Every structure is written in C-alpha cells, then in structure tokens.
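Here is the structure we will look at, set down as structure tokens.
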Amino acid sequence: MLTAILSSIFFKRSTEKASRYTRSGKSLLDLLHRVAEKTRVLGVGASYSAAKDQINILVRMVRAYAKGEYRAIPGKTLLRMVAVLVYFVSPIDFIPDVLPLLGMTDDIALLFWLVSSISDDISRFTEWERNHASSIKIG
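Quick look at the structure:
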C-alpha cells in the first residue's frame, strides 16, 4: 500500500504544495495549525496514540524550523515532512478520510514510513530540543 500512496497523484500534489510551503515560515505555521486541528479529532487506540506522538514530533521540528530556531533539517527531510503533513490534512487522498475506520489508514501508514525514514534527523532534533530546554532553564 505504501508504494501505491507514494506514487499516487495525491502524494505528488502534496509534494508540490510542500515545495511552496517550505519557502515561507508563515505558510508552515498555518499548515501546523491545520495539522493540530486534524490531530485533535483522531480516534483512540494504540495506533492513533502512536500516530499523535509522531505527529507532535514532526510539528515541533517544523515549527522550530519555521521560527528559525532549528535549521539543521536537511532540505530533502524538510520537504518529505511537509509533504506528509500536507497529505495528512488533505481530506481527499489515496483513501478519503470520510470513510469510517479506513480513511486514516493511508495517512498513518505514510506517517510511520516518514518517521522511520528520517529517524536520524528526529534523533538529532530531540537531542537539540533537550539541550535547548536545558539551556533555557539554566540561562
């Protein structure tokens, strides 16, 4: 299923939009607001809880990037992250979100693919985040 999603017209359009989003901090922050709204309505259960945790990490990374606080995200990683978030907020994608239970399957599969493919970048960010939080408390 993941191969079909990644090669779908829906993901290609999300990637094109992501390219435009990455040029503007304000656009990125607007996107993150839409992601937060959609995340609030995710269902309950282990897979949804894990998805929310992963979305939160991505949102924190993109927010720090958009605000100029953390710029150590490779361009390819940033584009992938934003493309997946654009896909996530789109109601019309490979499996439309209006379909009960199935509608979020493609979004979650894509999200977990992304997180596994950028795990090193996420690790560097979470380390930066810990150090940044520590320096704020000390300073």
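Mapping of the sequence shown onto the UniProt record's numbering: position 119 corresponds to residue 119, and the numbering continues sequentially without gaps.
Even for Gly, the Cβ is constructed at its ideal location relative to N, Cα and C.
Since the model is a prediction, treat every value here as computed from it, not as a measurement.
(message) Less than 8 Å between the C-beta atoms of V89 and K38, yes or no?
(response) Residue 89 sits at position 89 when you count from the first residue of the sequence shown. Residue 38 sits at position 38 when you count from the first residue of the sequence shown. Result yes, Cβ atoms of V89 and K38 sit closer than 8 Å.
(request) Along the alpha helix (DSSP H) that carries Y21, what are the first and last residues, could you check? (result) Working through the sequence shown from its first residue, we reach residue 21 at position 21. Per DSSP, Y21 belongs to the alpha helix (DSSP H) from I9 to Y21.
(request) Check R71 in the structure and name its three-state DSSP category. (result) The residue you call residue 71 lines up with position 71 of the sequence shown. Coil, per DSSP.
(request) Determine, using beta carbons only, whether A18 and L79 come nearer to each other than 8 Å. (result) Here residue 18 refers to the residue found at position 18 when the sequence shown is read from its first residue. Here residue 79 refers to the residue found at position 79 when the sequence shown is read from its first residue. Cβ atoms of A18 and L79: closer than 8 Å.
(request) Report yes if the C-beta distance between R63 and L111 is below 8 Å; otherwise report no. (result) As a first step, residue 63 is located in the sequence shown; it is residue number 63 there, counting from the start. As a first step, residue 111 is located in the sequence shown; it is residue number 111 there, counting from the start. No, the Cβ-Cβ distance between R63 and L111 is not below 8 Å.
(request) Express the C-alpha separation of E16 and G103 in angstroms, rounding to a whole number. (result) Walking along the sequence shown from the start, residue 103 turns up at place 103. Walking along the sequence shown from the start, residue 16 turns up at place 16. Spanning the two alpha carbons is a distance of roughly 22 Å.
(request) In the DSSP assignment, find the unbroken alpha helix (DSSP H) run with S27 in it and report its ends. (result) The sequence position of residue 27 within the sequence shown is 27, counting from 1. S27 -> alpha helix (DSSP H) spans G25 to R40.
(request) Please report how far the alpha carbon of L99 lies from the alpha carbon of I55, in whole angstroms. (result) In the sequence shown, residue 99 corresponds to position 99, counting from 1. In the sequence shown, residue 55 corresponds to position 55, counting from 1. Answer to the nearest angstrom: the Cα atoms are 21 Å apart.
(request) Identify which residue in Y70, R34, A109 and L31 has its Cα closest to the Cα of residue 178. (result) Residue numbering for the chain in the displayed model covers 1 to 139; residue 178 lies beyond these limits and cannot be assessed.
(request) Check each candidate in D53, I95 and V84 and name the one with the smallest Cα separation from M1. (result) Numbered from 1 along the sequence shown, position 1 holds the residue referred to as residue 1. Cα-wise, what sits closest to M1 is I95.
(message) Once DSSP output is grouped into helix, strand and coil, what is the label at V97?
(response) Start at 1 with the first residue of the sequence shown, and residue 97 comes out as number 97. Here residue 97 turns out to be Asp, not Val, going by the sequence shown. In this structure, DSSP gives D97 a state outside helix and strand, which the three-state scheme calls coil.
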